[in-house]
Amino acid sequence: MISAEGLKEIDRAIAKYPADQKQSAVMSALATAQEEHGWLSPELMQFVADYLGMPAVAVQEVATFYTMYETSPVGEYKITLCTNLPCQLGPDGGSDSAAEYLKQKLGIDFGETTADGKFTLKEGECMGSCGDAPVMLVNNHRMCSFMSRAKIDQLLEELSK
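In terms of my numbering, the sequence shown has 145 at position 130, counting the first letter as 1, and numbering is strictly consecutive.
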């Protein structure tokens, strides 16, 4: 269910912990699984649980607690917009303005995916880059700062190619 390369990555995470504590690698294992499959299906979470020797419910608790994990399908590009106060106070209307613009451009609301499966829009918590407000995260890995309407247009055009 997870590629040989993915299992090696999980094994590297497991090696960081005492032998009897391999369940401590659950967050890394879930990240690897999600990166390969796009989201964490119940079967994939069960696989991770079996691989780490822990109850499936414990894996599900982690996957549903943290916002970076997806337990239902998402678009090819998941755009997470920080809506905490510092980003709301950013220039040009901050994240409130960016949110309305993104919703209008994509034709979706937070928690929805475009009909073509290209984009999912999520609301996020602080991303630790308050001085760069408003900020967005693409696919949990790419931080985008100072997201004006022009920069949003540029990003969406780049991702649409």
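Every residue, glycine too, gets a C-beta built ideally from N, C-alpha and C.
Only a predicted model underlies this, so the values are computations on that prediction, with no experimental measurement involved.
**CA-to-CA distance, residue 129 to residue 121, given in whole angstroms** = 7 Å
**Item:** Through-space distance from residue 92 to residue 105, alpha-carbon basis
**Value:** 24 Å
**Prompt:** Taking residue 10 as the reference, which of 40, 50, 157 has the closest Cα?
**Reply:** Outside the modelled stretch of the chain, which goes from 16 to 176, sits residue 10, for which no answer is possible.
**Item:** residue 170 (DSSP reduced to helix, strand or coil)
**Value:** helix
**Asked** Quick one, are the C-beta atoms of residue 145 and residue 88 less than 7 Å apart?
**Response** no
**Stretch-stretch touch, CB-based, cutoff 8 Å, three pairs: the stretch 47 to 65 with the stretch 106 to 117** = no
**Prompt:** Going by the CB atoms, is the gap between residue 112 and residue 98 shorter than 7 Å?
**Reply:** no
**Request:** Taking only the alpha-carbon atoms, compute the straight-line gap between residue 65 and residue 94 and give it to the nearest angstrom.
**Result:** 31 Å
**Request:** Measure the alpha-carbon distance for residue 142 versus residue 157 and round it to whole angstroms.
**Result:** 11 Å
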